[in-house]
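Q: Anchor point for the sequence shown: position 12 equals 14 in the numbering used here, and the numbering is continuous, going up by one each time.
For glycine and all other residues, C-beta sits at the position ideal for the given N, C-alpha and C.
Note that the structure is predicted; figures quoted are calculated from it, not measured.
My structure is below; once you've seen it, I'll send some questions.
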Amino acid sequence: KKVKASYLKEVFATLTSEIKKELGIEDKEALDLINISQIKNFILDTSLEIAQIVKLSGLSRQTINKLRLDIGALEGMKLSNLRLLQVAIAKWEMEKGE
3 KKVKASYLKE VFATLTSEIK KELGIEDKEA LDLINISQIK NFILDTSLEI
53 AQIVKLSGLS RQTINKLRLD IGALEGMKLS NLRLLQVAIA KWEMEKGE
């Protein structure tokens, strides 16, 4: 199946928002889509032990495990579910703009 770049941008924007909230970052420009990809690759890197990620990031083992599960769950979602989320995001953004 094919996915438009604009769709992926919206999905990663949602991930960015959630990660920023988790990390307590308020600056809208603090993270961009490229960094989200880097974070995903770092968190899911099977050659890294969780202890290494904990030491490097300062996050707890529990938080790292939750991030891994959350990213894995999002990637495992059916395309139809992601489309429904995309529609929900568009509706939510419209409501915020009112």
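#1: Measuring alpha carbon to alpha carbon, tell me which of Leu25, Gly78, Val5, Lys98 ends up nearest Ser62.
#2: Counting C-beta neighbours from all protein chains within 10 Å, is the total for Leu17 16 or more, i.e. buried, or is it exposed?
#3: Does the Cβ of Leu69 have 16 or more other Cβ atoms within 10 Å, making it buried, or fewer, making it exposed?
#4: With a threshold of 7 angstroms on Cβ separation, who are the neighbours of Tyr9 within its own chain once the five nearest residues in sequence on each side are excluded?
#5: Check for me: the alpha helix (DSSP H) holding Val13 runs from which residue to which?
#6: Can you name, in chain order, every residue of its own chain whose Cβ lies under 8 angstroms from the Cβ of Val5, other than the five neighbours on each side?
A: From the atom records:
#1: It is Leu25.
#2: By the neighbour-count rule (16 or more Cβ atoms within 10 Å), Leu17 is buried.
#3: By the neighbour-count rule (16 or more Cβ atoms within 10 Å), Leu69 is buried.
#4: The answer, listed in chain order, is Gln88.
#5: Element bounds for Val13: 7-25.
#6: Taken in chain order, the residues that qualify are Leu81.
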